[in-house]
Amino acid sequence: MLSGETTLSKILKTLSPELNHGEYIFHSTNDPSQFDAKDVIGLFKEKEGVTVIISKDLADIKKISYKFIASWITLNVHSSLASVGNLARVCNACYSST
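Those letters in the sequence shown? Residues 60 to 157, by our numbering.
Right under this line is the structure:
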């Protein structure tokens, strides 16, 4: 098994962002079973309940209201789970360009 890169400068040089097709929303619920697992992009369990990330199209079909529409960007890179700072640098770069 290959281990991922931990050097931040190497990670950033090989980073290849990819914009995924579609629009996505975050939805808080106490009943995540209302969604098929294949339709859920992400799921966060918190004390207050569960937040699911689903496509805007599915939210519209299920008549789920939302206030924010998100994009999904995959940061293709072979980094270690132990590496730190790469996401902070990407977020800072995005924030600085707006």
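Using N, Cα and C, we set each Cβ at its ideal position, and we do this for glycine too.
Distance CB(residue i)-CB(residue j) smaller than 7 Å
{"i": "residue 114", "j": "residue 81", "result": "yes"}
{"i": "residue 149", "j": "residue 70", "result": "no"}
{"i": "residue 117", "j": "residue 98", "result": "yes"}
Pairwise C-alpha distance: residue j and residue i
{"i": "residue 145", "j": "residue 62", "result": "16 Å"}
{"i": "residue 142", "j": "residue 66", "result": "7 Å"}
{"i": "residue 106", "j": "residue 92", "result": "17 Å"}
{"i": "residue 109", "j": "residue 94", "result": "12 Å"}
{"i": "residue 64", "j": "residue 121", "result": "41 Å"}
{"i": "residue 151", "j": "residue 132", "result": "15 Å"}
{"i": "residue 78", "j": "residue 153", "result": "14 Å"}
{"i": "residue 74", "j": "residue 100", "result": "22 Å"}
{"i": "residue 126", "j": "residue 103", "result": "18 Å"}
{"i": "residue 128", "j": "residue 87", "result": "14 Å"}
{"i": "residue 68", "j": "residue 119", "result": "41 Å"}
Nearest candidate by alpha-carbon position, reference residue i, set the options
{"i": "residue 112", "options": "84, 120, 134 and 106", "result": "84"}
{"i": "residue 72", "options": "138, 122 and 121", "result": "138"}
{"i": "residue 130", "options": "76, 64 and 68", "result": "76"}
{"i": "residue 134", "options": "128, 147 and 127", "result": "147"}
In DSSP terms, what residue i is bridged to
{"i": "residue 75", "result": "135"}
{"i": "residue 86", "result": "111"}
*Within the stretch 92–140, note down every full beta strand (DSSP E) run reaching 3 residues or more, in order along the chain.*
101–105, 108–114 and 132–135
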